[in-house]
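Single-structure report; data block below.
2 protein chains.
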Amino acid sequence: MSERLLAPHRSIRQFKSQPVPEALVQAVLAEAQRAPTDATAQMYSLIRVIDRSLRQRISQVCGGVPAMEAAPEFFVVCADLYRLRRLVELEGSPWAEFPHIGLHFATVDATLVAQRLMDAAEAAGLAVCPIGAVVNGITELPQLLNLPPLVLPLFGVCVGYPDEDPPLRPRLPLSLVVHENTYRQPAAAELSAAAVHMNPITRTGSWLVVLRRYFAAGGTMEEREGPFVRTLHQQGFAP
Amino acid sequence: MSERLLAPHRSIRQFKSQPVPEALVQAVLAEAQRAPTDATAQMYSLIRVIDRSLRQRISQVCGGVPAMEAAPEFFVVCADLYRLRRLVELEGSPWAEFPHIGLHFATVDATLVAQRLMDAAEAAGLAVCPIGAVVNGITELPQLLNLPPLVLPLFGVCVGYPDEDPPLRPRLPLSLVVHENTYRQPAAAELSAAAVHMNPITRTGSWLVVLRRYFAAGGTMEEREGPFVRTLHQQGFAP
Numbered sequence: 036m037s038e039r040l041l042a043p044h045r046s047i048r049q050f051k052s053q054p055v056p057e058a059l060v061q062a063v064l065a066e067a068q069r070a071p072t073d074a075t076a077q078m079y080s081l082i083r084v085i086d087r088s089l090r091q092r093i094s095q096v097c098g099g100v101p102a103m104e105a106a107p108e109f110f111v112v113c114a115d116l117y118r119l120r121r122l123v124e125l126e127g128s129p130w131a132e133f134p135h136i137g138l139h140f141a142t143v144d145a146t147l148v149a150q151r152l153m154d155a156a157e158a159a160g161l162a163v164c165p166i167g168a169v170v171n172g173i174t175e176l177p178q179l180l181n182l183p184p185l186v187l188p189l190f191g192v193c194v195g196y197p198d199e200d201p202p203l204r205p206r207l208p209l210s211l212v213v214h215e216n217t218y219r220q221p222a223a224a225e226l227s228a229a230a231v232h233m234n235p236i237t238r239t240g241s242w243l244v245v246l247r248r249y250f251a252a253g254g255t256m257e258e259r260e261g262p263f264v265r266t267l268h269q270q271g272f273a274p
Numbered sequence: 036m037s038e039r040l041l042a043p044h045r046s047i048r049q050f051k052s053q054p055v056p057e058a059l060v061q062a063v064l065a066e067a068q069r070a071p072t073d074a075t076a077q078m079y080s081l082i083r084v085i086d087r088s089l090r091q092r093i094s095q096v097c098g099g100v101p102a103m104e105a106a107p108e109f110f111v112v113c114a115d116l117y118r119l120r121r122l123v124e125l126e127g128s129p130w131a132e133f134p135h136i137g138l139h140f141a142t143v144d145a146t147l148v149a150q151r152l153m154d155a156a157e158a159a160g161l162a163v164c165p166i167g168a169v170v171n172g173i174t175e176l177p178q179l180l181n182l183p184p185l186v187l188p189l190f191g192v193c194v195g196y197p198d199e200d201p202p203l204r205p206r207l208p209l210s211l212v213v214h215e216n217t218y219r220q221p222a223a224a225e226l227s228a229a230a231v232h233m234n235p236i237t238r239t240g241s242w243l244v245v246l247r248r249y250f251a252a253g254g255t256m257e258e259r260e261g262p263f264v265r266t267l268h269q270q271g272f273a274p
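Order-wise, the sequence lines are chains A and B.
Residue numbering for the first sequence follows the working numbering, beginning at 36 and increasing consecutively.
Residue numbering for the second sequence follows the working numbering, beginning at 36 and increasing consecutively.
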């Protein structure tokens, strides 16, 4: 119904073994880095993991991610203030301490680049899948990827030619995620109806069960909190 | 030289007064919300600020942002765990405590949507400008926008028809931001050369001076840290 402005996005987890031509990878990366960047600072790095045994090892520490192992291309998207610090210090200026605001701007910068990378890849007929489970390996990844201080892995992006054709997955009604002028708190009935609308996004047919597994007490996010915070400290993103 | 996959991005700060047709705004928003989302959870909200006096007030608390006041459309991009918490609690599940990982996933989700919004807008011939200076108003914005706990303003996005035609601005060489397999630390000479390459991004002609103003001791980021951290606590994004 609505005008189609970009290639339709679906996360693809089954890829053909066909490699992505190197010129196309470079074109996608060139598009990605044209994303806007706060204060001109480009506070991100992409680690392109070509080595297959390293890829397997990363998948392993993240709990086993078949798409990551199968995709022709896989990038670890990192917040990066390390390069910026080196640049600031080039002229002898002392680096300031701003761990929270630093993580904020670097996470935003890195994610802008990653989404533009995905939009560019899909425009070229490629398929993508972001990998949030990279956070499961947050303790091991700095050493595996040889990350200096002030670099933090955020998530991964798989890229390749699709070998499945899933339907578009539902999203919440726009009226719940776009607000006019001020935040509108939805009624309970509105949320219940939205949950039913979202059910087809899961194989089990219950979206609320998926949300509970991730976000309720005893769920995945609670488990991830401790290792994430420890790595923030280790990598210099916490005071 | 490289294949063009998306409309070229330039941040535009001068907009025509011509409004964006409502159908096009809705089409852009529909594309935006197709961005991938972690754990299917859509941890973001967009506040579309239509009211002109509210827009001025927001600009004011952010230190004065002419583009924000002039753009036909302006969105405040927010991390949002509030709606998710309500959904998790619908069935009586207890919400868990995961402030850092929650901020991480919500910031990523919101930024994926914002970049897809910008890519879609540019594909439709519109121009955009993200506004990192929204963080300058972090103390006042929750009240101005009536944000509940677990909602945090991250940055803004201006959208409209361009009334200027600036050149594409430089980016760091890809070899500095894309790494193969493991992080490669650049030599000092490589960073110095990159800084010269980046100089045209500034009016003054010195990129390192811009970086110093933002990131060195006594700079803008250091100033932003305290209010940002206090608002993290106030909005429930810190333990």
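We treat Cβ as the ideally placed atom computed from N, Cα and C, and that holds for glycine.
Fair warning: this is a prediction, and the values are worked out from it, not measured in the lab.
message = On the DSSP letters alone, give me the boundaries of the beta strand (DSSP E) that Leu189 of chain B sits inside.
response = 186-195
task = Could you say if the stretch 212-230 of chain A and the stretch 82-97 of chain B meet the contact criterion of at least three C-beta pairs nearer than 8 angstroms?
result = yes
ask   = For a contact meaning CB atoms closer than 9 angstroms, what does Leu176 of chain B contact in chain A?
value = Neighbours of Leu176 of chain B on chain A: none; closest Cβ ~11 angstroms, over 9 angstroms.
key: Closest residue to Pro201 of chain B among B:Glu57, B:Gly98, B:Thr237 (Cα-Cα distance)   = B:Thr237
message = I need the boundaries of the alpha helix (DSSP H) containing Leu207 of chain B, first residue and last residue.
response = Note, Leu207 of chain B: premise wrong, no alpha helix (DSSP H); not H, not E.
For Thr239 of chain A, three-class secondary structure by DSSP = coil
message = For a minimum of 4 consecutive residues, which ranges assigned as the alpha helix (DSSP H) are wholly contained in the stretch 77-140 of chain A?
response = 87-96, 101-105, 117-125
query = CA-CA distance, Val96 of chain A and Val112 of chain A?
reply = 16 angstroms
key: Which listed residue (B:Leu189, B:Phe250, B:Val264) has its alpha carbon closest to that of Asp115 of chain B   = B:Leu189
task = State buried or exposed for Ser52 of chain B, treating a residue as buried only when at least 16 other CB atoms are found within 10 Å of its CB.
result = exposed
message = Can you confirm whether Val186 of chain A, when its beta carbon is compared against all beta carbons of chain B, has any partner nearer than 8 angstroms?
response = yes
request  = Reducing DSSP to helix, strand and coil, say where Ala162 of chain B ends up.
outcome  = strand
task = Measuring only between beta-carbons, confirm whether Val245 of chain A sits less than 8 angstroms from chain B.
result = yes
request  = Check the Cβ-Cβ distances between Ser128 of chain A and every residue of chain B, and say whether any is below 8 angstroms.
outcome  = yes
ask   = The beta strand (DSSP E) with Glu66 of chain A in it runs from where to where?
value = Careful: Glu66 of chain A lies outside any beta strand (DSSP E), inside the alpha helix (DSSP H) at 57-67.
ask   = Should the stretch 136-145 of chain B be regarded as contacting the stretch 160-176 of chain B, the criterion being three or more beta carbon pairs within less than 8 angstroms?
value = no
key: Contact set for Val55 of chain B: own chain, Cβ-Cβ below 7 angstroms, skip 5 residues either direction   = Pro107, Glu108, Leu161, Val194, Gly195
task = Using a Cβ-Cβ cut-off of 8 angstroms, state whether Ser46 of chain B counts as contacting chain A.
result = yes
query = Can a CB atom of chain A be found closer than 8 angstroms to the CB of Asn216 of chain B?
reply = yes
inquiry  = Helix, strand or coil, according to DSSP, for Glu215 of chain B in the structure here?
reply    = strand
query = Going by the beta-carbon positions, is the gap between Leu207 of chain B and Met233 of chain B smaller than 8 angstroms?
reply = yes
task = Using a threshold of 8 angstroms, state whether the C-beta atoms of Ala158 of chain A and Leu41 of chain B are closer than that.
result = yes
ask   = Are the CB atoms of Phe4 of chain A and Ile173 of chain A nearer to each other than 8 angstroms?
value = With chain A covering only 36 through 274, there is no way to say anything about residue 4 of chain A.
query = chain B beta carbons: is any one of them nearer than 8 angstroms to that of Thr75 of chain A?
reply = yes
message = Taking CB distances under 8 angstroms as the criterion, tell me whether Glu104 of chain B reaches chain A.
response = no
task = Determine, using beta carbons only, whether Pro177 of chain B and Gln269 of chain B come nearer to each other than 8 angstroms.
result = yes
message = Taking 7 angstroms as the limit between beta carbons, can you name the residues of its chain near Thr255 of chain A, skipping five residues before and five after?
response = Arg248, Tyr249
key: Pair within 8 angstroms by beta-carbon distance, Arg151 of chain B and Pro221 of chain A   = no
query = Mapping DSSP to helix, strand and coil, what is Ala42 of chain A?
reply = coil
key: Buried or exposed by the 16-neighbour rule on C-beta atoms within 10 Å, applied to Met36 of chain B   = Because Met36 of chain B sits at a pLDDT of 38, beneath the cut-off of 50, its placement in the model cannot be relied upon, and the following sentence gives the value as read from the coordinates. Met36 of chain B should be labelled exposed.
message = If you measure between the beta carbons of Gly192 of chain B and Ala155 of chain B, is that distance less than 8 angstroms?
response = Note that residue 192 of chain B is Val in the sequence shown, not Gly. For Val192 of chain B and Ala155 of chain B, no; Cβs fall outside 8 angstroms.
ask   = Are the CB atoms of Phe133 of chain A and Glu225 of chain B nearer to each other than 8 angstroms?
value = no
query = Phe50 of chain A by DSSP, collapsed to three states: which one?
reply = strand
query = When you compare only the Cα positions, how much space is there between Leu147 of chain A and Leu125 of chain A?
reply = 27 angstroms
ask   = Are His44 of chain B and Arg204 of chain A closer than 8 angstroms when you measure CB to CB?
value = no
query = In the DSSP assignment, what residue or residues form a beta bridge with Ala251 of chain A?
reply = B:Trp130
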